[in-house]
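Colleague: The sequence shown begins at 322 in this note's numbering and counts up one residue at a time.
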Amino acid sequence: MKQHRFNHWSEIKYLKDIVTNPMIEVGEYSYYSGYYDNHDFEDGCVRYLWGDEKSRKLFNPIEDNGWHLDKLIIGNYVCIASGVIILMGGNHNHHSEWITVYPFMEQIETSYEPKGDTIIENDAWIGMNAMIMPGVTIGEGAIVAAGSVVSKDVPPYTIVGGNPAKEIKKRFTDKEIEKLKEMRWFDWEREKIERASHILSSSSINHLYDFYQREIKQ
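1. Under the three-state reduction of DSSP, which class applies to Lys500: helix, strand or coil?
2. Report the rounded CA-to-CA distance for Ala445 versus Cys400, giving the unit in angstroms.
3. Less than 9 Å between the C-beta atoms of Ile526 and Lys500, yes or no?
4. Look at the alpha carbon of Phe362 and the alpha carbon of Ile395, and state the distance between them as a whole number of angstroms.
5. Using the Cα positions of Tyr478 and Gln534, report the straight-line distance between them to the nearest angstrom.
6. Spatial neighbours of Lys323 within its chain, please: C-beta separation below 6 Å, excluding the five flanking residues on both sides.
7. Taking contact to mean at least 3 C-beta pairs separated by less than 8 Å, is the stretch 364-376 in contact with the stretch 338-353?
8. If we call anything under 9 Å between Cβ atoms a contact, is Asp391 one with Gly410?
9. Using the C-alpha atoms, what's the distance from Ala402 back to Ile333?
10. For Glu503, which option in Phe532, Glu512, Lys436 has the closest C-alpha, if you only look at C-alpha atoms?
11. Determine the direct distance from the alpha carbon of Val367 to that of Gly348, and round the result to whole angstroms.
12. For Lys538, tell me which candidate among Glu510, Ser522, His519, Ser524 has the shortest Cα-Cα distance.
13. Judging by CA-CA distance, which residue of Thr494, Leu521, Arg492 is the nearest neighbour of Arg505?
14. What are the start and end residues of the alpha helix (DSSP H) that includes Lys337?
15. Here's a check: name, in chain order, each residue in its chain whose Cβ is nearer than 8 Å to the Cβ of Ala466, leaving out the five neighbours to either side.
16. Using CA atoms only, rank isn't needed, just tell me which of Ile429, His528, Tyr352, Gln428 is closest to Glu497.
17. Considering just the uninterrupted stretch of the alpha helix (DSSP H) at Glu427, what are its terminal residues?
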């Protein structure tokens, strides 16, 4: 029997501790909760991203073909649930405008097109079994509902859901969102964050802003 990568559904793994692919950039305290999926982050959650040990041994499209490969960039304090798929690999060598979408090896050099980096910004939450399509940016503080397919950028502090994912609502008022974007609490020193954790774990943005002006902005 295959050994389970997570011992319990409550277990999380910090991405800083497990990511080895040079095409993935991760911030502080971002985690993957993969118990129910039983996959490692890099070979189960992230799909078709060149740069892992095996793919580097097989070929080097950057040096061999001159391709610009997309990166996966994940900010600080990002929560990624079990079953999430982050689809990378550009257009996967499939062209919808060509007569055939079949990726003939003879045309491999001309068939690849990048989609742009996939970015999950600070403090975003990606719900269980959601799929993030290539080249998408998930904004700061955004929430992606379980089972969603995200094919377009998600604005900061916005909840999206469905297939394709559409805006459900803003988490806060526009004025409150501007305050949050100014404060950028996820960039504060850890000691400051811990002191403000009781405010962060509430809906009082004004109280957090008071703390920010008193302790951070001064």
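Every residue, glycine too, gets a C-beta built ideally from N, C-alpha and C.
Modeller: Based on what the coordinates show:
1. helix
2. One C-alpha to the other measures close to 6 Å.
3. yes
4. 13 Å
5. 21 Å
6. Reliability fails at Lys323, whose pLDDT of 44 lies under 50, so the model's placement of it is uncertain and no value is given.
7. yes
8. In this structure, Gly410 lies closer than 9 Å to Asp391 by Cβ.
9. 9 Å
10. Phe532
11. 16 Å
12. Among Glu510, Ser522, His519, Ser524, the Cα nearest to that of Lys538 is on Glu510.
13. Leu521
14. 336-339
15. Gly448, Ala451, Ile480, Val481, Gly482, Gly483, Ala486, Ile489
16. His528
17. Per DSSP, Glu427 belongs to no alpha helix (DSSP H) and is neither H nor E.
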